[in-house]
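In what follows, a single structure is set out as structure tokens and then discussed.
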Amino acid sequence: QRSASLSILRAFGMGKNLLAEKIQDEVGCYVKYLASLKGKATDIRDMTLISTSNIICSVLIGHRFEYEDKDFQSLVHKLGALV
Numbered sequence: 001q002r003s004a005s006l007s008i009l010r011a012f013g014m015g016k017n018l019l020a021e022k023i024q025d026e027v028g029c030y031v032k033y034l035a036s037l038k039g040k041a042t043d044i045r046d047m048t049l050i051s052t053s054n055i056i057c058s059v060l061i062g063h064r065f066e067y068e069d070k071d072f073q074s075l076v077h078k079l080g081a082l083v
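Under the UniProt record's numbering, think of the first position of the sequence shown as 1, with each following residue one higher.
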């Protein structure tokens, strides 16, 4: 019974550092997006805020948003204004 319980828990992520994995995934997307700008001036604070929000969304709802998603940008900025 114990080994069956452990294998079920492992299947749901026990023993894995889910947060570190989500952060690494988002850093990869962040760097890729920066490279796609090809030197174009941009506000790195907005990108970092969206990236951080993406990590939270990835952990909570299992979904990340693209940096160009206007609805997500609007939501992040409105939440930022509340804090």
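For every residue, glycine included, the Cβ atom is placed at its ideal position computed from N, Cα and C.
Note that the structure is predicted; figures quoted are calculated from it, not measured.
Please report the Cβ distance between residue i and residue j, rounded to the nearest whole angstrom; I am assuming they are in contact, meaning their Cβ atoms lie under 8 angstroms.
i	j	result
residue 153	R64	As displayed, the chain neither begins before 1 nor continues past 83, which places residue 153 out of reach and without an answer.
V59	L19	6 angstroms
I50	F72	7 angstroms
Going straight from the alpha carbon of residue i to that of residue j, what length do you get?
i	j	result
D69	A4	42 angstroms
T52	R10	27 angstroms
E66	N54	9 angstroms
Y33	S74	19 angstroms
C57	L79	14 angstroms
A81	N17	31 angstroms
G28	I61	19 angstroms
I8	T42	45 angstroms
V83	L6	41 angstroms
For the candidate residues the options, whose alpha-carbon lies nearest to that of residue i?
i	options	result
M47	S74, L79, A20, Y30	Y30
Would the region 17-25 and the region 33-42 be scored as touching if the rule is three or more Cβ pairs under 8 angstroms? no
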